[in-house]
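Enquirer: Line by line, the protein sequences give chains A and B. Numbering that gives the first Met the number 0 applies: residue 0 is where the first sequence begins, and numbers increase by one. Numbering that gives the first Met the number 0 applies: residue 0 is where the second sequence begins, and numbers increase by one. The beta-carbon is built from N, C-alpha and C at its ideal position, and this holds for glycine as well.
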Amino acid sequence: MTDKRLRHGTIVAGLLVAIVVPLFLSDYYQYEASEIAVLAILVLSLVLITGFVGQISFCQYSFAAIGAFTVGSLVGGHHWSFWLALVVAVAFSAVVGILVGIPALRLSGLFLAILTVAVALFFDRFLLAPGTWDSFSGGLEPWKIGRPSFVGIGLEGPYAYYAFALAAFVVVAWLVWNLRIGKTGRVLRAIRGSEIAASMIGIDVTLWKLAAFGLSAGLAGLAGGLLAADVGAVSPPSFDFLHSVTIAALATVMGVESIGGAAVGAFALIGIPEILSHTPISPDYFQLIVGVALIVQLVFAPQGAIVKMTEDVKRLIGRSTTDDPPAVTKELAKV
Amino acid sequence: MSLLEVDGVSVRFGGVRALSNVTFHVNRGEIFGLVGPNGAGKTTLFNAVTGVVRPTTGRICFDEQEIGHLKPHKRARLGIGRTFQNLQLFGAMTVLENLMLPVDAFARRGIVSDAFRLPTASFEERRASERARATLHLLHLDGIDDQRANDLPVGMQRRVELARALCLRPKLLLLDEPASGLDARETAELAEALPRIRERFGTTMLLVDHDMALVMRVCDHITVLDFGEVICSGPPEVVQKDERVIRAYLGEEVA
Numbered sequence: 000m001t002d003k004r005l006r007h008g009t010i011v012a013g014l015l016v017a018i019v020v021p022l023f024l025s026d027y028y029q030y031e032a033s034e035i036a037v038l039a040i041l042v043l044s045l046v047l048i049t050g051f052v053g054q055i056s057f058c059q060y061s062f063a064a065i066g067a068f069t070v071g072s073l074v075g076g077h078h079w080s081f082w083l084a085l086v087v088a089v090a091f092s093a094v095v096g097i098l099v100g101i102p103a104l105r106l107s108g109l110f111l112a113i114l115t116v117a118v119a120l121f122f123d124r125f126l127l128a129p130g131t132w133d134s135f136s137g138g139l140e141p142w143k144i145g146r147p148s149f150v151g152i153g154l155e156g157p158y159a160y161y162a163f164a165l166a167a168f169v170v171v172a173w174l175v176w177n178l179r180i181g182k183t184g185r186v187l188r189a190i191r192g193s194e195i196a197a198s199m200i201g202i203d204v205t206l207w208k209l210a211a212f213g214l215s216a217g218l219a220g221l222a223g224g225l226l227a228a229d230v231g232a233v234s235p236p237s238f239d240f241l242h243s244v245t246i247a248a249l250a251t252v253m254g255v256e257s258i259g260g261a262a263v264g265a266f267a268l269i270g271i272p273e274i275l276s277h278t279p280i281s282p283d284y285f286q287l288i289v290g291v292a293l294i295v296q297l298v299f300a301p302q303g304a305i306v307k308m309t310e311d312v313k314r315l316i317g318r319s320t321t322d323d324p325p326a327v328t329k330e331l332a333k334v
Numbered sequence: 000m001s002l003l004e005v006d007g008v009s010v011r012f013g014g015v016r017a018l019s020n021v022t023f024h025v026n027r028g029e030i031f032g033l034v035g036p037n038g039a040g041k042t043t044l045f046n047a048v049t050g051v052v053r054p055t056t057g058r059i060c061f062d063e064q065e066i067g068h069l070k071p072h073k074r075a076r077l078g079i080g081r082t083f084q085n086l087q088l089f090g091a092m093t094v095l096e097n098l099m100l101p102v103d104a105f106a107r108r109g110i111v112s113d114a115f116r117l118p119t120a121s122f123e124e125r126r127a128s129e130r131a132r133a134t135l136h137l138l139h140l141d142g143i144d145d146q147r148a149n150d151l152p153v154g155m156q157r158r159v160e161l162a163r164a165l166c167l168r169p170k171l172l173l174l175d176e177p178a179s180g181l182d183a184r185e186t187a188e189l190a191e192a193l194p195r196i197r198e199r200f201g202t203t204m205l206l207v208d209h210d211m212a213l214v215m216r217v218c219d220h221i222t223v224l225d226f227g228e229v230i231c232s233g234p235p236e237v238v239q240k241d242e243r244v245i246r247a248y249l250g251e252e253v254a
C-alpha cells in the first residue's frame, strides 16, 4: 500500500501549502491564486474527456465561456442569484458539450482536433463577437458581477474567494477521482482502448461518449462561471481560442490523465507568466515556453511530466509501475 | 430449436461480395464449426451477426428475435459474446478490469453513484470482481488478476479474452480463430475447455478456426464457406469426406 500512502501524503502536503501559503501573500497574489484554483477545474474537464476517453478537445474555453456568459448575463443583466445562475450555467454548458459531442462521435485524433478547433473559432468569431450578447443583457457589456456569499459567509475578500475556489477544486477533483476508480473510469478507458471491443461486451459507446462530453463541458462551464465571479466581469477576450490550445498543451505536458497534473498545470498557466514578468524576459514568451515544453515532453516523457515524476518516485522507493503513454499523447505525437 | 438463424445473408463492400446468400442454423447447446480458406467470409459473417457490419440482404434471428436492426451493444446484451482473431483486449488495463467490464455494461449504476461513492457502487463493484475471479478460475487463470493484459504472453491473452467474453454470460459465443498463436499444448487445453464451458453455462458456440483437428474434435456440426458461399454443411465425418471441401482447401486439379 506504499502507493496509497504516497498519494495521500502528497495530497495532504499539497493542500497544506495551498491553504497556508496564500495567507501570507498580497491581495494581488491571492487573486491570482483563486484564478489558479478555478483554472485547475478547467484542466480537470480536460482530464475527463482527453485523459479518460482519449478525445482531444481544443474548445474547453468555449464551454467555459458559455458558463461565464450565462452567469454574467443572469447575474449582471437579470439580477439572478449567483448560485442559481451557476447551476444553469453548468447545465447549459453540458448541453452544448453534448451537442458538440454528436458530430465528434465518429471522429478521433486529428479530425476530432480539427472539429473542436472549428467549434472554438465559431465561438470566438461569432458568439463572443462584440454586440452578440447586447440584446440579451440589455446593452450592458461587460457585465459586472459581485462576489457571492456562501451560506452566509461573504466571499468578497480575495482570500475568502480563493478558499472557496480551492474547496470547489478539491470537491471536483474528488468526484473525478471517484469516477476514475469506479465503473465509469473503467468503461471510459475501455472505450479509449477499443470502441469495437467495448461495444461487443455490451457497452453503449455512443451514450458514454456523449455523457463524457457533457460532463467535461459542464465542468468547463463551472470553471467559467466561477471565473466570472472571480474576475467580477465577463468579457470575450478572456475566452480566446488560443487559451484553449495553451491549456490543452499544458495538460498534456503535465500528463492529461493525472488529477495532480491538472493542479500543477493550472499553477503553471498563471505562475509562469507571473514569474516572467519579474524577469527581463517578457511574459509574451509564455506560449513559446509551453510549445517547447510540449515537444520536450512528447519526446522524453510521453506519459506526461507529473505522471513520469510519480513513476520515478515510486521506482525509487522500490515499486515499479510501467504504463504505456496514453493513446492521446501518441495521437498528438503523430499530429 | 435453433438459437441463431442466418437466412440468405449477403454482405457487399462496394463491388466485393464478401458473403452471398449464406444460410445456416445453429441449435441451442451446439458447438458449431465454421471453416473455409482465408477470405472465405468467416470474419465478415461474425461481424454481421454482432452488428459491426450490416448485411446488404438477408435476415439474422437470435433467440426467436430478428436482430438485424440492433446496434452491437444491444446484441451483446441479448447474449451474443465474441472473441477476436486479432486480440482486442484493453491492453493498458489489468486482467481483472478487462473481465469486470462486461458486468459493468449491465450494471444500472452509473456516473452519479460512482462520483459520490454511493453504496450501490461498491456492491456492484464486488459483484463484478467476484464474477471476474470465478471466470478466471474456471479457465485455470488464477493469480493474474492484477497483471496488465499487454504484459501477458499471447496464449494467455487469448484465454483472458475468452474469459472476458464469458463474463457476459452469453447464450451464444462467437470464437474467431481462438487457437491461432497457441502451441500444441495450449490448443489441447482449449479443446478440453470449450466442452467444459458448454457444460457449465450451456453456452452455444460458433467456432471459426484453421486448426482442422481442433474443429473436427470439438464441433457437433460444421459449415464450410468458400468465396462467401456455403459449399457444404453437416457433421464432421461427412464434411471431412466432401469433395467440394477438399477442392476448396487443396485447389482444383489442373487437367
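I'd like the list of long-range same chain contacts for B/Leu-193, defined as Cβ closer than 6 Å, with 5 residues on each side in sequence excluded.
Expert: Taking the first residue of the second sequence as 1, we reach residue 193 of chain B at position 194. For B/Leu-193, where only same-chain residues beyond five positions count, the Cβ hits under 6 Å are Val-217.
Enquirer: Using the C-alpha atoms, what's the distance from A/Glu-310 back to A/Thr-320?
Expert: Within the first sequence, the letter at position 321 stands for residue 320 of chain A. Within the first sequence, the letter at position 311 stands for residue 310 of chain A. Any reading at A/Thr-320 needs caution, since the residue's pLDDT is 48, under 50, leaving its predicted position unreliable; the model's value is listed next. Going by the C-alpha atoms only, they are around 7 Å apart.
Enquirer: Locate the alpha helix (DSSP H) running through A/Asn-177, then write down its first and last residues.
Expert: Walking along the first sequence from the start, residue 177 of chain A turns up at place 178. 157-180 is the extent of the alpha helix (DSSP H) around A/Asn-177.
Enquirer: To be precise: take each residue of the region 186-204 of chain A, compare its Cβ to all Cβ atoms of chain B, and keep it if any distance is under 9 Å. Which residues remain?
Expert: Here the close residues are Val-186, Arg-188, Ala-189, Arg-191, Gly-192, Ser-193, Ile-195, Ala-196, Ala-197, Ser-198, Met-199, Ile-200, Gly-201, Ile-202, Asp-203 and Val-204.
Enquirer: Provide the residue span of the alpha helix (DSSP H) that contains B/Glu-124, from first to last.
Expert: Position 125 of the second sequence, counted from the first residue, corresponds to residue 124 of chain B. Residues 118-137.
Enquirer: Counting contacts by CB-CB distance shorter than 8 Å, is B/Asp-103 in contact with chain A?
Expert: The residue you call residue 103 of chain B lines up with position 104 of the second sequence. Yes, because at least one Cβ of chain A sits closer than 8 Å to the Cβ of B/Asp-103.
Enquirer: Check whether the Cβ atoms of B/Leu-213 and B/Ala-162 sit closer than 8 Å, and answer yes or no.
Expert: The residue labelled residue 213 of chain B in the question sits at position 214 within the second sequence. The residue labelled residue 162 of chain B in the question sits at position 163 within the second sequence. Not closer than 8 Å, so no.
Enquirer: Pick helix, strand or coil for A/Asp-322, following the three-state DSSP scheme.
Expert: Numbered from 1 along the first sequence, position 323 holds the residue referred to as residue 322 of chain A. Note that A/Asp-322 has pLDDT 48, beneath the 50 cutoff, so the model's placement of it is unreliable and no number is given.
Enquirer: Would a check of beta-carbon distances place B/Gln-87 closer than 8 Å to chain A?
Expert: Position 88 of the second sequence holds residue 87 of chain B. With 8 Å as the cut-off, B/Gln-87 counts as an interface residue toward chain A.
Enquirer: Could you work out which residue in B/Ile-230, B/Leu-98, B/Cys-231 and B/Leu-2 is closest to B/Gly-78 when comparing CA atoms only?
Expert: Within the second sequence, the letter at position 79 stands for residue 78 of chain B. Closest by alpha carbon: B/Leu-2.
Enquirer: Please specify which runs of the alpha helix (DSSP H), each continuous and at least 4 residues long, are wholly inside the region 44-126 of chain B, giving them in chain order.
Expert: With a minimum length of 4 residues, the continuous alpha helix (DSSP H) runs that stay inside the region 44-126 of chain B are 71-77, 94-105 and 110-114.
Enquirer: Report yes or no: do three or more beta-carbon pairs, one from the region 148-168 of chain B and one from the region 17-36 of chain B, lie closer than 8 Å?
Expert: No, they do not touch.
Enquirer: Can you tell me whether A/Met-199 is helix, strand or coil according to DSSP?
Expert: Mapped onto the first sequence, residue 199 of chain A falls at position 200. Three-state result, A/Met-199: helix.
Enquirer: Using only alpha-carbon positions, find the residue among A/Ala-162, A/Ala-197 and A/Leu-85 that is nearest to A/Ala-67.
Expert: Counting from one through the first sequence, the residue named residue 67 of chain A turns up at place 68. It is A/Leu-85.
Enquirer: Under three-state DSSP, which class holds B/Thr-222?
Expert: Numbered from its first residue, the second sequence carries residue 222 of chain B at position 223. Strand.
Enquirer: With the cut-off set at 8 Å, would you say B/Gly-50 and B/Pro-71 are in Cβ contact?
Expert: Numbered from 1 along the second sequence, position 51 holds the residue referred to as residue 50 of chain B. Numbered from 1 along the second sequence, position 72 holds the residue referred to as residue 71 of chain B. Contact flag set, yes.
Enquirer: Between the region 119-127 of chain A and the region 234-249 of chain A, are three or more C-beta pairs nearer than 8 Å?
Expert: Segments in contact, yes.
Enquirer: So which residues on chain A does B/Asp-219 lean against when the C-beta distance must stay under 9 Å?
Expert: In the second sequence, the residue the question calls residue 219 of chain B occupies position 220. Result: empty, since nearest Cβ-Cβ is about 25 Å, beyond 9 Å.
Enquirer: Taking three-plus beta-carbon pairs below 8 Å as touching, is the region 212-231 of chain A in contact with the region 262-280 of chain A?
Expert: Flag = no, the region 212-231 of chain A and the region 262-280 of chain A do not touch.
Enquirer: Within the 8 Å Cβ cut-off, does A/Leu-24 reach chain B?
Expert: Within the first sequence, residue 24 of chain A is the residue found at index 25, counting from 1. For A/Leu-24, the answer is no, since every Cβ of chain B falls outside 8 Å of its Cβ.
Enquirer: DSSP beta-bridge partners for B/Thr-286?
Expert: Only positions 0 to 254 of chain B appear in the structure, and residue 286 of chain B is not among them; the question remains open.
Enquirer: Could you please give me the residues that DSSP links to A/Phe-23 through a beta bridge?
Expert: For the purposes of this step, residue 23 of chain A is taken as the residue at position 24 of the first sequence. A/Phe-23 pairs with nothing; no bridge assigned.
Enquirer: Hey, how far is the Cα of B/Thr-22 from the Cα of A/Ile-65?
Expert: In the second sequence, residue 22 of chain B corresponds to position 23, counting from 1. In the first sequence, residue 65 of chain A corresponds to position 66, counting from 1. Roughly 55 Å between the two C-alpha positions.
Enquirer: Is the region 29-44 of chain B touching the region 156-172 of chain A, taking contact as three or more C-beta pairs under 8 Å?
Expert: Too few Cβ pairs lie closer than 8 Å, so no.
Enquirer: Of all the options A/Ile-190, A/Ser-25 and A/Pro-279, which has the alpha carbon lying nearest to the alpha carbon of A/Ile-48?
Expert: Counting from one through the first sequence, the residue named residue 48 of chain A turns up at place 49. Considering only alpha carbons, the answer is A/Ile-190.
Enquirer: Answer with yes or no whether the minimum CB distance from A/Lys-307 to chain B is below 8 Å.
Expert: In the first sequence, residue 307 of chain A corresponds to position 308, counting from 1. A/Lys-307 does not count as touching chain B.
Enquirer: Does the region 146-155 of chain A come close enough to the region 85-101 of chain B that 3 or more CB-CB pairs lie under 8 Å?
Expert: Too few Cβ pairs lie closer than 8 Å, so no.
Enquirer: Would DSSP call B/Glu-191 helix, strand or coil?
Expert: Here the question's residue 191 of chain B lines up with position 192 in the second sequence. Looking at B/Glu-191 - three-state DSSP - the assignment turns out to be helix.
Enquirer: From the beta carbon of A/Thr-337, is the nearest beta carbon of chain B less than 8 Å away?
Expert: This structure does not reach residue 337 of chain A, given that chain A is present from 0 up to 334, and the question cannot be answered.
Enquirer: Which partner residues does A/Gly-153 have in the DSSP bridge list?
Expert: Here residue 153 of chain A refers to the residue found at position 154 when the first sequence is read from its first residue. DSSP output for A/Gly-153 lists A/Ser-148 as bridge partner(s).
Enquirer: Can you tell me whether A/Glu-155 is buried or exposed, with buried defined as 16 or more other CB within 10 angstroms of its CB?
Expert: Here residue 155 of chain A refers to the residue found at position 156 of the first sequence. Counting Cβ neighbours within 10 Å, A/Glu-155 comes out exposed, since fewer than 16 surround it.
Enquirer: Nearest to B/Leu-173 by alpha carbon, out of B/Phe-12, B/Arg-16, B/Phe-31 and B/Val-5?
Expert: Working through the second sequence from its first residue, we reach residue 173 of chain B at position 174. For B/Leu-173, the nearest C-alpha among the options comes from B/Phe-31.
Enquirer: Residues bridged to A/Trp-142 by DSSP?
Expert: The residue given as residue 142 of chain A occupies position 143 in the first sequence. For A/Trp-142, which the question treats as bridged, DSSP gives the partners A/Val-233.
Enquirer: Compute the Euclidean distance between the alpha carbons of B/Thr-186 and B/Asp-175, then round it to the nearest angstrom.
Expert: Taking the second sequence and counting its residues from 1, one reaches residue 186 of chain B at position 187. Taking the second sequence and counting its residues from 1, one reaches residue 175 of chain B at position 176. Straight-line Cα distance between these residues: approximately 14 Å.
Enquirer: Starting from the Cα of A/Ser-36, find the closest Cα among A/Ile-55, A/Phe-23, A/Phe-163 and A/Val-116 and give me that residue.
Expert: Indexing the first sequence from 1 puts residue 36 of chain A at position 37. Correcting the residue type first, residue 36 of chain A is Ala in the shown sequence and not Ser. Looking at the Cα atoms, A/Phe-163 is the closest of the given residues.
Enquirer: Taking the alpha-carbon positions, what's the A/Gly-259 to B/His-136 distance?
Expert: Taking the first sequence and counting its residues from 1, the one referred to as residue 259 of chain A is at position 260. Taking the second sequence and counting its residues from 1, the one referred to as residue 136 of chain B is at position 137. The alpha-carbon atoms of A/Gly-259 and B/His-136 are separated by roughly 37 Å.
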